[in-house]
Each structure stands twice: as structure tokens, then as C-alpha cells.
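Top to bottom, those sequences are chains A, B, C, D, E and F. Here the working numbering = 1-based position in the first sequence + 1. Here the working numbering = 1-based position in the second sequence + 1. Here the working numbering = 1-based position in the third sequence + 1. Here the working numbering = 1-based position in the fourth sequence + 402. Here the working numbering = 1-based position in the fifth sequence + 402. Here the working numbering = 1-based position in the sixth sequence + 402. For every residue, glycine included, the Cβ atom is placed at its ideal position computed from N, Cα and C. Single-structure report; data block below.
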Amino acid sequence: MTNQIIPSVKRRQIIELAESGKRMDGRSLTDLRKVEIKTNVVEKAEGSATVKFGDTYVIAGVKFEIGEPFPDTPNEGVMSVSAEFVPLASPGFETGPPDENAIELARVVDRGLRESKLLDTSKLCLIPGKKVWIAWVDIFILDHCGNLIDASSLASLCALLTSKLPKAEVVGDEVKILDEYAPVPLRAVPINITLAKIGDKLFVDPSLDEEEVMDCRLSVAFALDDQKQEKICAMQKGGVGTLSFEELLRAVEIAKVKSQELRKLLPSGEK
Amino acid sequence: MTNQIIPSVKRRQIIELAESGKRMDGRSLTDLRKVEIKTNVVEKAEGSATVKFGDTYVIAGVKFEIGEPFPDTPNEGVMSVSAEFVPLASPGFETGPPDENAIELARVVDRGLRESKLLDTSKLCLIPGKKVWIAWVDIFILDHCGNLIDASSLASLCALLTSKLPKAEVVGDEVKILDEYAPVPLRAVPINITLAKIGDKLFVDPSLDEEEVMDCRLSVAFALDDQKQEKICAMQKGGVGTLSFEELLRAVEIAKVKSQELRKLLPSGEK
Amino acid sequence: MTNQIIPSVKRRQIIELAESGKRMDGRSLTDLRKVEIKTNVVEKAEGSATVKFGDTYVIAGVKFEIGEPFPDTPNEGVMSVSAEFVPLASPGFETGPPDENAIELARVVDRGLRESKLLDTSKLCLIPGKKVWIAWVDIFILDHCGNLIDASSLASLCALLTSKLPKAEVVGDEVKILDEYAPVPLRAVPINITLAKIGDKLFVDPSLDEEEVMDCRLSVAFALDDQKQEKICAMQKGGVGTLSFEELLRAVEIAKVKSQELRKLLPSGEK
Amino acid sequence: MDKKLITEDGRRLDGRRFDELRPIKFQIGVLKNADGSAYVEWGRTKILVGVFGPRESHPKHLAMPDRCLIRARYHMAPFSVEERKSPAPSRREIELSKVIREALEPAIFVELFPRTTIDIFAEVLQADGSTRCAAISTAALALADAGIPMRDLVSSVAVAKVDGNLVLDVMDIEDKLGDSDMPLAMMPSKNLITLIQMDGLLTNEEFAKSVELAKKGCMEVYAKQKEALDSHFRIASKEEV
Amino acid sequence: MDKKLITEDGRRLDGRRFDELRPIKFQIGVLKNADGSAYVEWGRTKILVGVFGPRESHPKHLAMPDRCLIRARYHMAPFSVEERKSPAPSRREIELSKVIREALEPAIFVELFPRTTIDIFAEVLQADGSTRCAAISTAALALADAGIPMRDLVSSVAVAKVDGNLVLDVMDIEDKLGDSDMPLAMMPSKNLITLIQMDGLLTNEEFAKSVELAKKGCMEVYAKQKEALDSHFRIASKEEV
Amino acid sequence: MDKKLITEDGRRLDGRRFDELRPIKFQIGVLKNADGSAYVEWGRTKILVGVFGPRESHPKHLAMPDRCLIRARYHMAPFSVEERKSPAPSRREIELSKVIREALEPAIFVELFPRTTIDIFAEVLQADGSTRCAAISTAALALADAGIPMRDLVSSVAVAKVDGNLVLDVMDIEDKLGDSDMPLAMMPSKNLITLIQMDGLLTNEEFAKSVELAKKGCMEVYAKQKEALDSHFRIASKEEV
């Protein structure tokens, strides 16, 4: 993406429109595209969700597997987030192991989920130091029309929120998985909002056109802590442009408001 | 292979000759090339065989190793078939991990061996759920002059038929390998026959020239079941051409006859 | 390296100078460049050293980790030597897994250390057949200005000579690592000397210029055995030229003398 | 085999008759970026296929002077199966990619687009048996959606021998516990087979019957494919008005 | 959290005040082969950076007609951390390589060198926290040493929340046991941010304060960078005499 | 060392004298596709070598304007050793491929075939010591079979120190339990060494004696190589009549 010659005509158009607060797809600078969430779309997964932000289309699935804890956290389960840019999603995607963009995406989503303390990993321990639940969160990008981070974060979140953990019985050193399920022990729920900077304007939920000409982007995840206070739990700048300090703080304020809007769309019962 | 421009002159010659039932190397359409089998060619392997179909030259070796069973078949040993197209076998082969052709070959050979129930994997269990014998069947293509599937299947079969399984003593959770051997527990013996379709003719045991201009190929494996009844145990179409339903059934009939012919060449004592 | 067109002008200059016993950097044919050794440069490693031969700059680090012994030496610890040609060291180095040059380098260093019986691996056993110390020796080439083998061997040697082994307590099948250290059980110390052959001359400690035009190189490692007798413990020819038998024996004699010179530079207390 | 796959009243575990397909729902044109796309829910098997091309071959040395290069990839999501699948392509996926390509290529007029490439990407989101057949049948629709000229659609279905009976459209448990599995693909209006594979133990007669049953199944899949195309292009042409 | 990171008398575990940097020692021009190089000892963090370029792009299809391609690699030595690190690049190293490139690229006049590549290689010899910040700050010096025209240096530092306090220049144990970590890089004389990442839980107000503290830290790093450049070029010009 | 490698009557475990080669049987021209090929049974060591070229270099950027590129690959079959070998090339195989190439290349008139490549592929079917020596000696015959102009054959053998004695042509158990191993290759009629490696502990004098013994062994291998060539070309010319 970054290696392409910037289509300067398109950039000029986008900037000119933005002067009057408008965008090519008719949105205002702070509008999200239409967000659609479907959960439990893959019955064989313990949790799954598809999310659309306009034409951007992402699926996430959760599988639980028994494995070993990390040596430095023997009493905690493990969460592992991966993302694949499958090649049907964009003419620019190629087969092969994840590239730096897919790895960054997975790690940004992971940090949002992890730092919000969404998943109570201490409840995923089966035999301390030996056997714990591993929560595999796998993200597939199915149609890339911009703002993969927010769509992927939301899909992963919704897959986890609606997932079911198999019950297990521990007898000595053996774990027997039962044919029953419990809800997954979840806590504060992180919502990620990405803004693109183009010229001196900030664009919420950037489209692919906007991403192609942006200077840089900023992604900010907000979660509610134990006291229901709203806190920033993760942040990532991307792209080769710069941000002024004023822009940074303004972006964070906008993201906070938008995260509240998005939070309302979560599967019911969730905060 | 598929990427080459089809040498249309050669194809026309082959088809014209076939009109009068002949082939470029003097065979009739249903003749096998001269088949040569040598067994126990690598003393360090538990079983080994070289097979020639004309100039096509293949070696297969069997090694037994102790390993873990698959979780869903805790009482059964494991058979793993791999094939390498080593680069001395053809100017077109390259070094590197197996490509789709080598993988297809190994999997077709594997299915023939597996579906015939040749190897009684239940007899390869040492400690249920924990330790079983793994039978590694490794195929090396040494000279590629056409019809690798039949030569590789036969080499793998003969290597298994003449292989010896180390005896082992189980004491608690430990397995001690003894310096004695038992014959490998084998059952119905699969024979694979491949036919190439060129124009509207079927060519048994195609040569490299024929493969280069063929529309497609069909490989059929026959085995004798418990009642010594001859049954199809595996089948694979390859190549981008099509088969009519009549051609399919005709090919299967021819393959049956030829498999009986090839079966007679097996190391003595085998059915 | 070997794929470059040999700069024949430079080769002629080097040979002409050598006729009068001189080299481009002012050394005589048997002079080493200035050798600088610094140890304990990475405090988080159990042992570490940087070595300079002129501008050639190498770092080696030693880490001890608990792992499994090889099945055929259940009572011995393991030493593993790896080398990375990190890309800041030369415009010709590329990222990616070690190429044949890096692998040869690591294996030559490894053989010198191993065959001198430097490391008493029998003292690295914790639970026979189950748990032993693995000594990871990692070499990074930081600036490639010729003669990587000698600099890397010396850096690895010095890192091992100054390394400290964590003490460990074995209780049943568990190993507890204590916060104390013991010196590493070391024995005869190998010193490697490399000579380049250019025309009919032998050049000790070749520079990069000399390596680029050399016919071949010979590396010889000397160690003192139990009776303090000096012995050859490893040797490797590299490059596509040839050596006469007379040149071979002469090179070995020169290497012996130079190894004595280099041995004097070892961290004090070492033989 | 402990588990019975056929119930007392001669039905399969999901209630189907021996010669009955599962519910199959094709959707065409479901992706924005792909030149053509289709999605299927075939029982619980769910597959998304995207097609790109004809487009410039990359790397260039792959380009063929007299025809189009066809590439196909069959790929399973880690969460599509009971045990999480590692993301790296398995040997099974590599073989299936090859046979799927060989099943579709005979239907494409490859000589119309020299020096270009057509890429067919099938993503299995949930696997419950017959995934290669579902992928082939769905890819044919994605190719049509991309406007690629074809001799015919390709329709595919698998036949198994289960507790002694030949059954149509194999689901996962029938594949795992059954006695044979035979996927077949054909160009229905041409009556030509483009894929056949088989494993299990069948007499020549049983095999012939399996082939007949598969042919019947392919014809039914073909009808559903055409129905999906009709309704897709009817909607598409309305939208254009 | 069992371990206290702030002592009774309000100091950090290495005796620093909350807003105090660790000792930072830059050395410039330390490698023979690299076009530019720099080395830093930043507390116990030790990093060597080499720069090559502008040089011909390889493979050629990467070359861009209107600008220079910037590549960066962040790489850790196996012996740089407590547990030996496998030599294969980890996902963390791949992400950090990307953000480091994006932190440095805004400072480089890339349009001056069309069709070429500049490679920035950072080798972490010992890691004790804030390695990406140290790598960025040191790489800026290596770029300067290579004579590459820049808009400004890039200076970087991380701020953490530790036992309720915001602290400057995060060391390893503060990163691991602290409540948040926020690396920030900027072009100091332009007052523009080129990198920001954050994890942990911060209110908007705490975040704003973290940013202020990071800015102060960057300014101090900037002073040290300029000092290192001055003394390097003073020596270099003396040597030339 | 528990196991004695030399018997009471001064013989080695397979009955050989110290300076005796194992039975060596070369066959030339054993493959149809390769431009040149040879096979050896050297004691229980069995190696097949195929040579392709001079042929067009691929990828093209490897081509050298003034000479031929020589590539060599030493590769072991998984079933060639006691414990099954993983098919991926080991570090040992990569190093041996390099030294084998460097042992053979001096004998080839590389300047006669600019811009081309000669590939030498050695497949070890069974390994029982001295495989690199056997591979080199056999590859020389395969190169001759391919009609590639050579300065001389290359002949190779290894010498070990075993229970205090220097022995010729090392077999597996002597390599594993012996005190040293020294493979050497030479162009016999030129008296020039093209490969030497050594590990173990030898005084300079022992080393010199090892070299002498290896030279004697190479000369014997050379005789066998020429014999094989003679009989091959005698048969070949008869066949042509």
C-alpha cells in the first residue's frame, strides 16, 4: 500500500470536500459507515462473528484448546490473536505467511483486548503450570474497503463476547472435556476507533480511498474499568506522516465519543 | 508441466499411431513397460525397494520410529507417506519443499495403501494413547520417464511387504526396542494402474512423452478384500482434460485387468 | 561473494606486493591485524565477548538453558553454535535464514570448540537422559572486513571462557535454578588461524580485499591436550582453488606459530 | 464402526434419504473487491469464493503466450473445523487446490486471454463434508459473476458408501465413518467429468452405481446453480434500470 | 502486583526520579562497512544501528519512480534477553520494524533519491526496556552519519504509569510490571509526532500528562543526540586536517 | 570409548587392514534424464549422482559473464541413516554441499561455458561413513559422463585415527567412535588438493602421516574411477557400432 504512488488528484478532491465537512461517500468527517454485526455464524467455533463497516467485511472465530501456560504466568490461560489477509479480500493481497500489515493488525487488536483485561485469563487455568485453556482468536479479512483495525477489533470482541467455554473436569494430571459449556469470563469491553489524518483534517472510520491518500492514522481503544470509568487502553499510530500534539489530543477526544456510539451496537447484555 | 506449450506435433503423431493400436515405444495401448523390482536395497532401512517402469526409476524406504498416536485413534499406529522429486530425476525438478505434484503423488500412494487396509495399524500400538509405531514411507523419484504414480505405489508396497518391524518390550511407560524383528502385519495388497487419455484413446502406463500431451490421466488402485474379492480402493483423476462416463468405466475395466498382471510380479509369497 | 567477477587488477597488485613480503595494509605476510578482545559486554548473557581483528568486528554471546540431551549421549549436555551475518555488517549481507557461508562458519567454529574438548559436556548433565544444560553460543558478525572464522572462533571462545553457569538443584524430576553461578567446566582451549592462498603465497589473517581475490583459504585450530601438548583439533579448506601438499604442510606450520601468539591475548588465567 | 449412520427407518443421521442433497443456498456477487464472488451454505458447510482476473500475470515469467493461467487456492479458516487448524497450508489443502483447479479449468475458455492469470480463491469458513465439491460448484458461479466465458458451469457432489448403502452428498460424519468417499465434478450440459477421486472399497458394480448417483446429484446442483444465476442477474439488471 | 516499583523515598528501582532519563551514551561512526552507523548504551539497553544507502533498489521492482524506498529492520540478538530468543524474526520484531520505519521516514527527504533504497538495520545486543525508542533515536544519528538529508532528527522516549505515577524512560521491569507503556517519537524542532503507541489503562487526563512528559524526555534525548553529533563531527574534521 | 575398533589380530571391524579401502563399485550412465550420472556402492555407502548442464542459468541474474556457475547439492534420503532423517536440508548437508562444490569446481574448465550453470546433485541412498568422499569421487565420473571438459578427475578418501592407528577409508562406526576424521580430495594427476577438512586431535606429525595415507588412498580410488570410465566407454562405443 505504502509503496504506491500517491494518487494526488484523489487526495486533492478529498481535502477540498473536507473543507466543507464532507466526504466522497456522503459522510461527515466524524460519521462511521453503517456497521453490521452477526454472531455465531460458524457453529463449529466456540465463538464467531462477522462485522461489516460499509463494504469492509471481516470474520473472527474463537477456538478453545488445552495447552501449556507460559512459564512466567503458570496460573493463567493464554489468548492468541492472528490475522490473515486472505487473497479474495483485495487484488493487492497475496498468499503466504502474514506480512507486516497483517501482523500489526493482529497485534493492535490483541493489545486492545488484552489491555482492557477483557478476558480473565486467571479463570482459564486448569492445572497450574501444566494445563490451561488457550483462546485462539483468528481474524480473516474477507473484503478490504478500509479501516481493518476497527472492523477486526469489533469482530474479535463480538466473537469472544458470544463464545462458550467447554467445561472440563480435572482428575490428577488428566483433563476431561465435558459436553457442557459455560460463558467465557469476560470483563471490560474495548472498542477501537481509527481516524485518518489527511492534510489537517481527521477522518473517522476511513474508507480505502481515504487510507490510500492519508498522511497517517491513529487508532485508539477505549474500555470501561472496574468503576465503569472510560479509559484509553491501547493506541497505535500507523503510516509515514506526522501528528501535531494538538491533533493527537483532538483525535483521542473524537475517538472517545465515537467509541460510545459503537459500544451501543454490541450484542445485547454487553456494556 | 502444465505450464508448457503443448507440443502439438508430438501429440498428433501419438494419436495417429494409436489409431492403429501402436505407441512410439512399440507397445500396444494396454501394454505395461518392462517392470523391474528389487527389494532390500538399503540395509539400514527396515524395508526398501527400487522399481523401474521402463526408464522410470523410483526408490522407496520404510523406517519405523516410536511416536505418539493421533488423538482420535489412540490405539493405532501411524503411517506417513512422503515423496520427493529429487532434482537429478528430471531437468524440470527443482530443490525445495515438495510442490503440488509431489504432494499429490504422495497422497495418492498413501490413499491406495491406506484404503486397501494393507497395514494393520492396530497392531502397531505400543501404549494406547501414548506410544505407537510410526511407519515412515519415503519415496524418491530418481528418473522421471512417466507414470510416477504406479511406480511409486509399487515401490512403497514392495518396501512395506519386505520390511521388518523391530520387536519392543513395554514396561510401564517405557518402551525398549529389542534387537529382534517381526514381519510387518500386512493385509490386502493394493496395485495401482494409471491410464492417460489422449484424444479418445486410453494409454496404459503412460510414458513421459504421452504424459506431456495427454488430456488427463486416471489412476485406479485395486485390492483384494478379506474374501479375496477384487475391489477398487482408490482413484484419482489428474490433469485439466475431461472424461466421458463411458471412458471412466472403460478405464476402470482395463485397470482391473492390468492390476492382475502387475500383481503377479510381487515379491513371492504375496497375494 | 564467489559469484563476483574477480577484480584482477587488485589481485595483481596484491601478488606483486607480496613478492617483496608486503601487504596493502602494511603488514607482512604472517602478521595478524590488531586484535582487541572485550568480555562480559552483554550482562544479560551468561557469557559474552566482542572481538576485533582490525576492522572486522564480531560479538558472541552464551546462554544456558535447560533442555533434553541427545538420545545417544544421555549423560552429556549440549553445545549449539549458530552464526548470523546481520545485514549491517556488509552491503552484501541480506536478511533471512543463514546461508551456506554462515552455516559453514558456525560449523567450523563449532568443530574447533568441540574437538578441542573445551567444554566438558559431561558436567552439564542434570538428570541423565532427561534434563541437561544446553549451551547456546550465538555469533553475530557486526562488521565484515575479512577473516570471519578466526574472529568468530576467538569471540566464542572468550564468551565461553568468561561465562558463568547457573547452579541448579535437582529434586526428583524437577530442576530448580538457583540464583548462584559456578564457572563453566572448560578444558583445552582452541585457537583458530586462517591463511589465504593467493598465487603461491600464504597470507595470515586475510583482509577482505585479500579474501576477494584469494584462490582458497585454510583454517587450522590448535589446542593443548591434557599433557599440554599442542595439537591440531580442526581444519577446513574453503574456496575453489587448490593447495599443493607442500603448501598444506607449510600453512599448518605457520598456523601453529600464530596460534601461540594469539593464545597470549586470551583473558588472563587461561592457558 | 460403533456409530450407526443409517437409522432404523432408512434415513441418514440428518433425516435425509439416501439420494437427497442437503439444503444448498448460493449467493452471487457478495464481495466488493473481487471481480466475481459467490458464497454457499451447503448444509453446515460454508464457503466463500472470490475470483480475480483475467489480470496481468505476476510474476511475469508465469505468463503463457497462448492462454490464460488458472490458479486456484482452497484454504480453510482455523476455526472451520473441530480442532483448530494451523494457518499454514496443509498437504491436503495443497492437493485439493490442485484438483479443484483441474476440475474448473476445462470449463474456461483459457485461449481467449493469453498472458493473463485468473485466480480462484476458496475460503472454507465451516467444513462439514464435501467441501471440495461445494468449493467447485461455488467457484463456477464466482467465475460466471466475473464475466469469464465458460463452456458450461461445473457442478460437483460426493457419494459415499455408508453402512452398505450408497448415499448422495456426504456430510462430515459420513466421510469419517463411512466405507468410501467419491467426489465427482462434471460439466452437466456436456456430460463430461472434470474431477473424480475415490477412496474406500467398492466393487466395479458399486462404483458404477456410485457414479450414476453422483451424476444425478450434479444435475440437481446444476439446477440450483442456474437458479442462483438467474435470480442474481435478474436483480442486477433491475438495479441497473 | 507483588513487587513495588517505587521505593519509600519516591525513587524508582534504579534510584531515578520519575522524570529522569537513564544515562545515555551515543557513539557515531562505529562501523567500517555501513554508510552510516551509531551505537547507544541507554541504561543497560545496547543497540547498534547501521545504515546503507541511498543505494540501488534490489529487487528492482521495489524501486519507486518518485522517491526513495525506506526499509528498517529491528532485530534482537538471541543473547539480548533473559530467555534465549530464537533467531527467526518474531511477530513483535516485525511490528516494531514497521513502526520504527514509520517513525523515521517522515524526517527523511525521500523525494531527493528516486529509485533508490535506504536500509536501516538495528541490532539489539541487550534489551532492558524502551528498545524501540533507543533504536529510533540511534538510527537518526546513523542516518545523519550516512549524510542523508533530514528535516530534523527523530528523538524518542517511553513513559509508563507505575504504581500510580507517570515515569519517564521505561526500563524492562517497569514495562513488565507497570500499568501502561507509551513510546513516543518526534521531530523535536518541528514539534511533530512520528510514533505513538500505548497500552495500559489511562484516563484522557493521564494520557495528556504522559504525552507532556514524553515530550520533555524527547527534548532531553534530542540534546544528547546533538551533543553526540557535534563531538563526532568535531573529531571527524580534526582527523581530516 | 567402550567399543574396540581394532581387533586383537590388528584388523578393523570389517576385517580390513589399516590401509585398505572398502570394496568400491562405480557404475556410469545409470540415469536417462540426467546429462551425466554415476552410482557407487562404496562398502555399504550408496550414492547416486546426476549432473545437468552446462545449461541456461535460472534465475538469470545468477549467470556469470565470464564463466560457468557450478552448483552442488548433497542430500540424504530419509531412510539412508539409522534414525529417519527429516527431509529438510540440515546444516550439515548445506555445509557438505558447499565443500563438495569447492572440491569439484577446480577440476572443471568453467571459463569454457560463460553464462551457463552446471548442477551436480548427489543423493545419498545409504550412509555408512565417508559419504562426502564417495559423493565427490562419483560426481567426478558423472561430470565426465556428461562430457564436461575437466583438468583431471577428483578422487577422495578419508583417514581416521582409531585406537591410536591411522586407518584409510573411514566407515561410520570409525567416524563416530574414532579420535579424528580427515576427508581429503585431490586431482591425482595434478597432485593438488581440492578438499581438506579435519576434526579430532592430531600432532603435526600424525597429521602429515594422515595426509600421506589419504594421498595413497586417493590414488587407489583414481585407479578404480579410470577403470569404470574405461569399461563404460568401451561398452558405449560397442553399442554404437
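The beta-carbon of residue 482 of chain F is placed less than 8 Å from the nearest beta-carbon of chain B. Across the set E/568, E/541, E/585, the C-alpha of E/541 shows the shortest separation from the C-alpha of residue 556 of chain E. In the three-state scheme derived from DSSP, where H, G and I count as helix and E and B as strand, residue 621 of chain E is classed as helix. Counting only Cβ-Cβ distances below 7 Å, residue 500 of chain D has contacts in chain B at 101, 105, in chain order. Not a single C-beta of chain E is nearer than 8 Å to the C-beta of residue 159 of chain C. DSSP, read as helix, strand or coil, puts residue 580 of chain D in coil. Under the 8 Å criterion on CB atoms, residue 599 of chain F is classed as non-interfacial with respect to chain B. Under the DSSP definition of a beta bridge, residue 520 of chain D partners with D/472. Between the alpha carbons of residue 213 of chain C and residue 222 of chain B lies a distance of about 58 Å.
The bridge partners DSSP lists for residue 601 of chain F are C/235, F/583. Annotation: residue 169 of chain A to residue 67 of chain A spans about 10 Å, alpha carbon to alpha carbon. The C-beta of residue 528 of chain F comes closer than 8 Å to at least one C-beta of chain B. When DSSP reads this structure, residue 110 of chain B sits in no beta bridge, so it has no partner. The count of Cβ pairs closer than 8 Å, one atom from the segment 552 to 568 of chain D and one from the segment 590 to 605 of chain D, reaches three, so the stretches are in contact. Annotation for residue 202 of chain B: the continuous beta strand (DSSP E) segment containing it runs 202 to 205. Under the DSSP assignment, residue 214 of chain A falls in the alpha helix (DSSP H) whose first and last residues are 209 to 214.
By the Cβ test, the segment 12 to 30 of chain B is not in contact with the segment 108 to 126 of chain B, since fewer than three Cβ pairs between them sit closer than 8 Å. Proximity of residue 433 of chain E to chain C, defined by a Cβ-Cβ separation below 8 Å, is satisfied.
Taking every protein chain shown into account, the CB of residue 93 of chain A has fewer than 16 other CB atoms within 10 angstroms, so this residue is exposed. Residue environment analysis places residue 121 of chain B among the exposed positions, since fewer than 16 neighbouring C-beta atoms fall within 10 angstroms of its C-beta. With a minimum length of 4 residues, the unbroken runs of alpha helix (DSSP H) contained wholly in the segment 72 to 146 of chain B fall at 101 to 116. Between the segment 153 to 168 of chain B and the segment 52 to 63 of chain B there are three or more C-beta pairs closer than 8 Å, enough to call the two in contact. Proximity of residue 244 of chain A to chain E, defined by a Cβ-Cβ separation below 8 Å, is satisfied. Think of a sphere of 7 Å around the beta carbon of residue 609 of chain F: no beta carbon from chain B falls inside it, the nearest being about 32 Å out. At a cut-off of 8 Å between beta carbons, residue 228 of chain A makes no contact with chain E.
Between residue 145 of chain A and residue 107 of chain A, the C-beta spacing is not below 8 Å. Beta-bridge annotation (DSSP): residue 48 of chain C is paired with C/63.
A distance below 6 Å between beta-carbons, with the five flanking residues on each side excluded, links residue 33 of chain C to the following residues of its chain, in chain order: 206. Inclusion of residue 104 of chain A and residue 497 of chain E in the CB contact set at 8 Å is warranted, their separation being smaller than that value. Residues of chain E whose Cβ lies closer than 7 Å to the Cβ of residue 235 of chain A are, in chain order, 600, 601. Distance between residue 406 of chain E and residue 577 of chain E, taken at the CA atoms: about 13 Å. With respect to residue 536 of chain F, residue 499 of chain F sits apart: the two C-beta atoms are not nearer than 8 Å.
At least 8 Å separates the CB of residue 134 of chain B from every CB of chain F.
Exclusion of the five residues before and after residue 512 of chain F leaves 469, 470, 472 as the residues of its chain whose Cβ lies within less than 7 Å of its Cβ. Residue pairing for residue 193 of chain C: DSSP places it in a beta bridge opposite C/222. Of all residues in the segment 113 to 146 of chain A, those with a C-beta nearer than 8 Å to a C-beta of chain D are 137, 139, 141, 143, 144, 145, 146, reading in chain order.
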